[in-house]
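Residue numbers (numbering that gives the first Met the number 0), protein chains in the order written: chain C, 0 to 226; chain A, 0 to 226. For every residue, glycine included, the Cβ atom is placed at its ideal position computed from N, Cα and C. Values in this document were obtained by computation on a predicted structure and should not be read as measured data.
There are 2 protein chains.
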Amino acid sequence: MNTNVTILLAEDDVNLGKVLTLNLEAVGYTVHHAGNGETAYEIFCTSDIDICLIDVMMPLKDGFTLAREIRKLDKKTPIVFLTAKNMNEDVLEGLSIGDDYITKPFSMEVLQARLQALLRRTMPENTEQHQTIKIGNFSFEVDHQRLWINGEEKKLTTRETELLLMLVNKKNDLLERGYALKKIWGDDSYYNARSMDVYLTKLRKLFASDPNIQIINVHGLGFKLVM
Amino acid sequence: MNTNVTILLAEDDVNLGKVLTLNLEAVGYTVHHAGNGETAYEIFCTSDIDICLIDVMMPLKDGFTLAREIRKLDKKTPIVFLTAKNMNEDVLEGLSIGDDYITKPFSMEVLQARLQALLRRTMPENTEQHQTIKIGNFSFEVDHQRLWINGEEKKLTTRETELLLMLVNKKNDLLERGYALKKIWGDDSYYNARSMDVYLTKLRKLFASDPNIQIINVHGLGFKLVM
DNA sequence: AATTATTTTAAAAAATTATAACATCTTGAA
DNA sequence: TTCAAGATGTTATAATTTTTTAAAATAATT
Chain C
0 MNTNVTILLA EDDVNLGKVL TLNLEAVGYT VHHAGNGETA YEIFCTSDID ICLIDVMMPL
60 KDGFTLAREI RKLDKKTPIV FLTAKNMNED VLEGLSIGDD YITKPFSMEV LQARLQALLR
120 RTMPENTEQH QTIKIGNFSF EVDHQRLWIN GEEKKLTTRE TELLLMLVNK KNDLLERGYA
180 LKKIWGDDSY YNARSMDVYL TKLRKLFASD PNIQIINVHG LGFKLVM
Chain A
0 MNTNVTILLA EDDVNLGKVL TLNLEAVGYT VHHAGNGETA YEIFCTSDID ICLIDVMMPL
60 KDGFTLAREI RKLDKKTPIV FLTAKNMNED VLEGLSIGDD YITKPFSMEV LQARLQALLR
120 RTMPENTEQH QTIKIGNFSF EVDHQRLWIN GEEKKLTTRE TELLLMLVNK KNDLLERGYA
180 LKKIWGDDSY YNARSMDVYL TKLRKLFASD PNIQIINVHG LGFKLVM
């Protein structure tokens, strides 16, 4: 879903405008639909627009003019032209002002794919929250590969982190030995299984201070983190 | 003129490859032309590529596979697909991996316009505004090769800057050791690897004041800048 | 109970990485 | 050109991570 992405749609064809609006809204975009260049400009100036979808041929103000005015105000917001024309000059002019140029007829899938390709590159990267997982009194910072207990930091190795994460994701439930081995070690050979055993011992030692946290073996099947 | 812009062109059709190369060079691009996916990958790994132009149907390694492999190493360099096919699924797959999708036959003007539209967005030097990247409370001025923290300036050497930039471009994700070595040091020999280790130690010292910024080693694979 | 399979653990080995110290190269000023 | 400072590369050693080995412990099966 494309939550929090707002599209300015400038399209004078009433039918196409409605179809596009409904389709884009259906996949989670917020759409502001303008029937001509003038109102589109007004909307751009007064709203928080993430991307512009602009028909080239429009009454009152054509798409290229609108796009140039928008570019004067804002250099970054991506602009995509929609047009029935396929003449080279128009394509060239469109791409020199905007970021993409789609000729009618087009499928909704292709439109959406092009919008997403653009947004991937232009939307400010979500300052992703690193997940921290509570394990009893421990705090497991997955990305930082560390475990906190009473303000004390215990650094984890990559293998320890991977294995603990798999156990946590299946907490109180069986983590199959072969599954974990294939995911972490690549294959479930005998020696990798011994290696995994070694890491289970290491994890057990890390949590030894809290008797309510246990890594239990299910004979012949795998392991279970009980907490 | 597109000075200092290097294109990786992966195209198996000898004629088309030559025509494209000549035309792109004529307008100032530097072109590295590979006749198949394998050599294209080699070139990408060892050269400083600004944009990739990839034919979908190629021997040894098809364009989509090549693009996925490149994306694994590098999240930013724009990828444009060239293809004779116009089937929707291919377009959709292409746009989900890369940034643009151009179907043959196309005019050189349109290709160039699309390349420029992409480069406008992705080459920060072109927009004359120097790239500064936030790393926790640090401010990394790439072009000036320096790092600011609390109004204090820390000058970086070229190697430090190159390595930090690669880490930042893959933040919270694995930067493969061999890839970074080839890109920065030219080859992944034993001694270059030791040199890289030395620079990692230097970078770690720079960020030592902030425990939430870590350069984590992933044993046998590479490094991860967690922030 | 005896046998077999599986798991646990410690310890050793192998592989990889970290760091300091030193050497060499580059660059710009004198 | 020479020198000095800084950047980069090399080397040695230490530390860490992961794997392998071996032996003991536990669990299931006959």
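C-beta neighbour in chain A for residue i, strict 8 Å
i	result
residue 121 of chain C	yes
residue 176 of chain C	no
residue 46 of chain C	no
residue 157 of chain C	yes
Through-space distance from residue j to residue i, alpha-carbon basis
i	j	result
residue 126 of chain A	residue 162 of chain C	In this prediction, residue 126 of chain A has a pLDDT of 48, which is less than 50 and means its spatial position is unreliable; what the coordinates show is noted afterwards. Their backbone Cα atoms lie some 45 Å apart in a straight line.
residue 136 of chain A	residue 204 of chain A	15 Å
residue 117 of chain A	residue 216 of chain A	34 Å
residue 34 of chain A	residue 12 of chain C	45 Å
residue 173 of chain C	residue 221 of chain C	6 Å
residue 192 of chain C	residue 67 of chain A	31 Å
residue 6 of chain A	residue 17 of chain C	41 Å
residue 176 of chain C	residue 54 of chain A	42 Å
residue 31 of chain C	residue 60 of chain C	17 Å
residue 142 of chain A	residue 213 of chain A	23 Å
residue 206 of chain C	residue 62 of chain A	48 Å
residue 121 of chain A	residue 122 of chain C	12 Å
residue 92 of chain A	residue 98 of chain A	11 Å
residue 189 of chain A	residue 181 of chain A	12 Å
residue 202 of chain A	residue 41 of chain A	28 Å
residue 171 of chain C	residue 165 of chain C	12 Å
residue 129 of chain C	residue 138 of chain C	12 Å
residue 185 of chain C	residue 151 of chain A	46 Å
residue 100 of chain C	residue 26 of chain C	21 Å
residue 209 of chain A	residue 148 of chain A	10 Å
residue 52 of chain A	residue 24 of chain A	14 Å
residue 28 of chain C	residue 20 of chain A	40 Å
residue 38 of chain A	residue 44 of chain A	10 Å
residue 140 of chain C	residue 160 of chain C	9 Å
residue 169 of chain C	residue 187 of chain A	39 Å
residue 105 of chain C	residue 131 of chain A	39 Å
residue 88 of chain A	residue 111 of chain A	25 Å
residue 218 of chain C	residue 156 of chain C	26 Å
Interface partners of residue i on chain A, CB under 8 Å
i	result
residue 91 of chain C	108, 109 and 112
residue 143 of chain C	211, 213, 215 and 225
Neighbouring residues, chain C, relative to residue i (Cβ below 9 Å)
i	result
residue 98 of chain A	116, 117, 119 and 120
residue 87 of chain A	106, 108 and 109
Proximity of residue i and residue j at Cβ, strictly below 8 Å
i	j	result
residue 154 of chain C	residue 144 of chain C	yes
residue 86 of chain A	residue 9 of chain A	no
residue 90 of chain A	residue 109 of chain C	yes
residue 158 of chain C	residue 134 of chain C	no
residue 96 of chain C	residue 70 of chain C	yes
residue 107 of chain C	residue 22 of chain C	yes
Proximal chain A residues relative to residue i, where beta-carbon distance stays under 7 Å
i	result
residue 95 of chain C	112
Whole-angstrom C-beta distance between residue j and residue i, which should lie under 8 Å
i	j	result
residue 102 of chain C	residue 82 of chain C	6 Å
residue 224 of chain A	residue 167 of chain A	6 Å
residue 47 of chain A	residue 4 of chain A	About 11 Å; that fails the 8 Å criterion.
residue 72 of chain A	residue 198 of chain A	With 8 Å as the limit, residue 72 of chain A and residue 198 of chain A do not qualify as a contact, their Cβ atoms being about 19 Å apart.
residue 36 of chain C	residue 15 of chain C	About 16 Å separates the two Cβ atoms, so there is no contact after all.
CB contact check: residue i to chain C, cutoff 8 Å
i	result
residue 191 of chain A	no
Contact set between residue i and chain C, taken where Cβ atoms lie within less than 8 Å
i	result
residue 129 of chain A	By Cβ distance, chain C contributes nothing, its closest Cβ being about 16 Å from residue 129 of chain A, past 8 Å.
residue 218 of chain A	156, 157 and 158
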